[in-house]
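Notes to accompany the following structure.
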Amino acid sequence: MAGARLLSGADANKLVDTLSKTYKDAKYYLNFKTPIDLVAAAILSAQTRDEVTNAVTPKLFEKYKTARDYANADPEVLYGYISRVSFGGNKAKSIINTMKIIQEKHDGKVPNKMEQLLELPGIGRKTANTILINAYGIVEGIPVDTWVIKLAPRLGLTRNKDPEKIEEDLMKTLDKKYWHNVTYVFKRHGKTLCDKVPICSKCPVSKLCPKNGVTKML
Ligand code: SF4
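Mapping of the sequence shown onto our numbering: position 58 corresponds to residue 58, and the numbering continues sequentially without gaps.
Here you go:
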């Protein structure tokens with residue numbers, strides 16, 4: 001990876017612009033109505049397919065609406081609503097612990113500051129960015145999920161593998177207007193054309209991509 005070609009800033013922005021126009025309707029993939037819903041959904045989504053998370057959350061959100069509802073929940077009862085997600089038992093406890101802190105320290109409101117979000121158990125930088133962007137419209141950084149980790153090096157936007165370093169590289173290179181949605185655009189591009197066997201012949205950014213013509217990605 002050390003020798004992989006990096007795009008210039010102009011080309012990197014052009015590439016992301018082209019993908020953003022190609023996948024115009026790409027957006028955050030978990031369903032939620034309130035910041036509290038989003039915290040619960042984000043914790044549930046770790047190592048779980050979006051469809052599974054989205055399948056369990058309607059009934060969960062109907063039963064638990066506020067931080068206090070979750071903080072007072074019986075873990076066994078809560079688990080009954082989320083048993084289909086992976087590590088449901090641990091996630092039930094994690095949601096309850098997180099909501100207790102939100103209730104006690106933040107008066108029941110999900111904080112809208114990065115430092116305060118990072119103090120919550122089960123919330124790392126990816127999820128904190130996700131909450132800030134999608135619940136509050138605050139863009140401080142870029143959520144680096146598994147698709148960004150896969151695609152950013154492939155597209156010549158970073159040589160790093162560590163999520164925080166990838167985020168730093170993307171923030172240095174990309175215009176801020178792309179930060180709020182680039183994660184979801186990459187996910188759509190990965191799922192549509194650029195997964196393990198990339199379909200470069202149909203790719204709208206093949207002229208810019210350093211890996212154009214590759215037959216297999218690890
Ligand atoms: S040219 Fe190929 S490797 Fe590059 S982004 Fe497109 S599909 Fe992926």
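Glycine included, every Cβ here is placed at the ideal spot set by N, Cα and C.
| query | result |
| --- | --- |
| Bounding residues of the alpha helix (DSSP H) (the contiguous stretch that carries G89) | G88 to H106 |
| Length of the line joining the Cα atoms of K59 and S206 | 43 Å |
| For K114, three-class secondary structure by DSSP | In the sequence on display, residue 114 carries Met and not Lys. Correct three-state label for M114: helix. |
| Residue from R159, M114 and E164 with nearest C-alpha to E140 | M114 |
| Those residues, in chain order, that have a beta-carbon closer than 6 Å to some heavy atom of ligand 1 | R154, L155, L193, C194, P198, I199, C200, C203, V205, S206, C209, K211, N212 and V214 |
| Enclosing alpha helix (DSSP H) for Y28 [first to last residue] | Segment: none, Y28 is in no alpha helix (DSSP H) and carries neither H nor E. |
| Residues near M217 in its chain [Cβ-Cβ closer than 8 Å; skip 5 each side] | K150, R154, C194, D195, K196, V197, P198 and K211 |
| At least 3 beta-carbon pairs within less than 8 Å: the region 50-57 vs the region 76-91 | yes |
| Neighbourhood of C209 by C-beta distance below 8 Å, restricted to the same chain and skipping five residues each side | L15, R154, L155, G156, C200 and C203 |
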